[in-house]
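**Q** Note that full-length UniProt numbering has the sequence shown beginning at 1, numbered continuously upward.
Backbone N, C-alpha and C fix where the C-beta goes; we use that ideal spot for every residue, glycine too.
Bear in mind the structure is a predicted one, so any value in this text is a computation, not a measurement.
Can you keep this structure in mind? I'll have questions shortly.
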Amino acid sequence: MKAVVLVGGFGSRLRPLTIDVPKQMIPVVGVTMLERVLSHLKAHGVTEAVLALGYLPDVFQEAFPDGESMGVKLRYSVESEPLDTAGAVRLAVETAGIDSTFLVVNGDILSTFDFTSIVNFHKNKGGLATVALTPVDDPSRFGVVVSDEQGRVRSFVEKPPRETAPTSLINAGVYVFEPEGLDMAPLGEPTSMERLVFPELAKSDQLFSLEMPGYWIDAGTPASLLQVSLDILRGKVVGKDLSALQRAVTGRDLSQTETDCYVGEGCVLEDNVDVRNSVLESQVTVCAQATVRDSVILPGAVIGEGALIDSSIVGHQAFVPPGSIVVNGSVISRYAELMPGCQVVGERVPS
Ligand code: GTP
């Protein structure tokens with residue numbers, strides 16, 4: 001089976017981390033978000049994925065020079081202007097010559113969904129498309145989907161206020177399509193899945209939905225990126241044995257607290273550091289007496305002596321000077337150099 005993976009968005013909610021790295025190329029506990037999506041697709045029989053590219057397409061093409069990742073053959077569909085969700089899928093179908101049932105996934109959705117069961121449900125119903133649904137506590141940030149007992153979609157309500165939401169089931173960003181399901185999206189023109197294609201398919205009774213059990217997260221915000229990283233540490237997302245994720249740290253054994261962490265290749269942890277419940281991607285240096293808690297430190301960043309990082313994300317190769325404090329959901333961009341001894345509390349740097 002083939003899949004289209006949507007990875008062309010600007011990732012503005014994750015700025016400044018996405019200024020020169022597309023969000024799906026940000027590592028999430030040792031592998032990029034995209035590689036996590038691809039390996040999940042592979043486990044459900046996907047052999048070829050078309051990456052629908054728009055923002056920073058070269059970064060993807062350079063990262064996978066062999067046209068393959070996680071055992072999945074890659075094709076690239078590059079947009080010269082953002083085509084929005086449905087326009088992007090329509091172009092990808094055309095570019096890769098997809099001519100049978102295929103999966104579509106938003107590249108920032110990480111889940112344990114059983115894709116095989118969604119495809120089987122779709123084929124049994126015989127519609128042109130099927131949307132996977134997931135329940136959330138607060139649907140006001142999402143598109144809510146109302147369906148009948150057979151799973152036929154009746155309506156879409158975009159970002160309803162929490163109190164008036166007709167259901168807590170939202171569009172999970174995972175779809176199964178027949179190629180004809182996109183015929184209404186004009187080739188090469190920006191078209192929205194949620195605003196045009198799905199409502200039209202629903203009107204003609206061709207759109208079905210299926211509530212999926214399991215873990216689901218939209219990893220496109222700093223809070224959710226942090227959340228999914230810590231969930232992976234606790235084995236919630238991939239169910240992978242954490243010990244297999246641990247890597248050697250500069251010739252010494254990990255201490256008790258450090259074993260609650262993912263420590264990537266080439267990391268240096270100096271004396272008396274306190275690193276807990278955190279992800280240190282490759283080549284990170286944590287200098288003496290520094291504290292890192294409930295945080296994600298991206299490759300090559302340096303946490304200076306005595307600095308404190310709590311519940312925050314530090315970007316690739318950023319430098320947090322000695323004695324600095326970075327806390328409360330702060331996000332420090334790639335290559336940022338903070339002022340010595342600064343305090344960053346719930347801010348994005350640069351803002
Ligand atoms: P924000 O700017 O933070 O909202 O992120 P985003 O631009 O990625 O948008 P959003 O999360 O709503 O997009 C959902 C999925 O569709 C993501 O995987 C995006 O990469 C992708 N996407 C959004 N717009 C486009 C587009 O115009 N072209 C392509 N190829 N993908 C898109």
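#1: Tell me, which residues are paired with V7 by DSSP?
#2: Quick check on the DSSP output: what are the complete beta strand (DSSP E) runs of length 3 or more inside the segment 94-181, in order along the chain?
#3: Since K42 is in the alpha helix (DSSP H), which residue starts that stretch and which ends it?
#4: Can you tell me whether D84 is buried or exposed, with buried defined as 16 or more other CB within 10 angstroms of its CB?
#5: Does the beta-carbon distance from F102 to M1 come in below 9 angstroms?
#6: Measuring CA to CA, which of V93, E158 and S333 is closest to L187?
#7: Can you tell me which of R13, S111, I109 and V131 puts its alpha carbon nearest to the alpha carbon of V119?
#8: Just to check, is the beta-carbon of R13 closer than 8 angstroms to a non-hydrogen atom of the ligand GTP?
#9: Could you check whether the segment 31-40 touches the segment 1-15, counting it as contact only if at least three pairs of C-beta atoms, one from each stretch, sit closer than 8 angstroms?
#10: Roughly how many angstroms separate the alpha carbons of L230 and R13, rounded to a whole number?
#11: Which residues in the same chain as N75 place their Cβ atom closer than 6 angstroms to its Cβ, once the five residues preceding and following it in sequence are excluded?
#12: Could I get the ranges of all uninterrupted alpha helix (DSSP H) runs contained in the segment 280-342, with 4 residues as the minimum, in chain order?
#13: Taking 7 angstroms as the limit between beta carbons, can you name the residues of its chain near P199, skipping five residues before and five after?
#14: In terms of alpha-carbon separation, which member of V89, I309, Y262 and S111 lies closest to V104?
#15: Determine the direct distance from the alpha carbon of A288 to that of Q343, and round the result to whole angstroms.
#16: Do you know whose CA, among A307, G329, F60 and I332, lies nearest P321's CA?
**A** For this structure:
#1: In the DSSP output, where bridge partners are listed per residue, V7 has none listed.
#2: 102-106, 109-111, 129-135, 143-147, 153-158 and 169-177
#3: M33 to A43
#4: buried
#5: yes
#6: V93
#7: V131
#8: yes
#9: yes
#10: Straight-line measurement puts the Cα of R13 at about 19 angstroms from the Cα of L230.
#11: The sequence given here has Arg at residue 75, not Asn. So the list reads V50 and A96, once near-sequence residues are dropped.
#12: Every candidate alpha helix (DSSP H) stretch fails here, since none sits fully inside the segment 280-342 while reaching 4 residues.
#13: Closer than 7 angstroms at the Cβ level, and outside the excluded window around P199, lie F156.
#14: Ranking the options by Cα distance to V104, first place goes to V89.
#15: Each residue's alpha carbon lies about 19 angstroms from the other.
#16: A307
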